[in-house]
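Under numbering that gives the first Met the number 0, the first residue of the sequence shown carries the number 0, and numbering increases by one thereafter.
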Amino acid sequence: MSSGFVSVGLDPRLGESGKCSSWCARRRGVMKMHSDSGEEISRRNLLLGLLGLGTAALPMLPASARDVASIPASGLFMKDYLNVIEFEDPKVSGVRLYISDYSRPITEKIQNNFFADPASTSVTCVKTSKLKIAPDVSESKEGEEVFSQSRSLLFKNIHVRRILDKEAKALVYISYATRLTKGDDDNKSRFKSSMCAVAID
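Below is the structure:
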């Protein structure tokens, strides 16, 4: 008749004293590592994010760009900021361009997608003098990029392109966002764009 107990033999990899051998200790360490909770993983991700805060977390401006404004927006204590950036068209003198975009507070970045900021942007342009256009300006329908900035560690960017409309004698500037994957686009920013135009003398 069964006694209700199951006989369990010692693992041969255990020592005679029943203590865990070096192999057993390594195995237990691996098992513990795989059993880490989501909270512990989040802590590690946060630490990695904070270590990279001074570099990849902050979008870099092109050399020709200049910060004009940083305006507090939504939020009680840690606010979103509306940023205004001024830059020049490298192939057209006599026009200045301004784009606006948003940045999230550090507290919100810690909670979700540390290395990304919104990619919604708007552009406007001001004619400051008679336009001087370089002879190699693109005349294609795709135009030519005059500004770009990363809004994520790898996958999201904002762009400004110049279109030459020879028939209307105008330069058109359009801002828009691109991303590697369409799924990560809760606010549908990939469908948003903004334009401005200046007349060619």
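Every residue gets a Cβ at the ideal spot worked out from N, C-alpha and C, and that includes glycine.
Item, Value
"Burial state of Ser128 (16 or more Cβ within 10 Å)", "exposed"
"For Ser71: DSSP bridge partner residues", "The residue asked about is misnamed: residue 71 is Pro in this sequence, not Ser. According to DSSP, Pro71 bridges with Tyr80."
"Which of helix, strand or coil DSSP assigns to Ala176", "strand"
"Residue range of the unbroken beta strand (DSSP E) whose run includes Glu144", "Glu143 to Ser149"
"Distance, Val136 Cα to Ile84 Cα", "23 Å"
"Three-way DSSP call (helix, strand, coil) for Ser139 in this model", "coil"
"Val197 to Lys131 span [Cα, whole Å]", "12 Å"
"Sub-8 Å separation of Ile157 and Ser174 beta-carbons", "yes"
"Cβ shell of Ala169 (< 7 Å), same chain only, five flanking positions each side left out", "Ala196, Val197, Ala198 and Ile199"
"Exposure label - Val125; buried when at least 16 CB within 10 Å", "exposed"
"Beta-bridge partners of Glu166, as assigned by DSSP", "BP columns for Glu166 are empty, so no partner."
"Option in Pro71, Arg65 and Asn82 with minimal Cα separation from Asp88", "Arg65"
"Three-state class that DSSP yields for Asp200 in the structure shown", "coil"
"Anticipated Cβ contact below 8 Å, Tyr80 with Val122, distance rounded", "Not a contact, Cβ separation roughly 18 Å."
"Beta-carbon proximity check, Glu144 vs Arg160, cutoff 8 Å", "yes"
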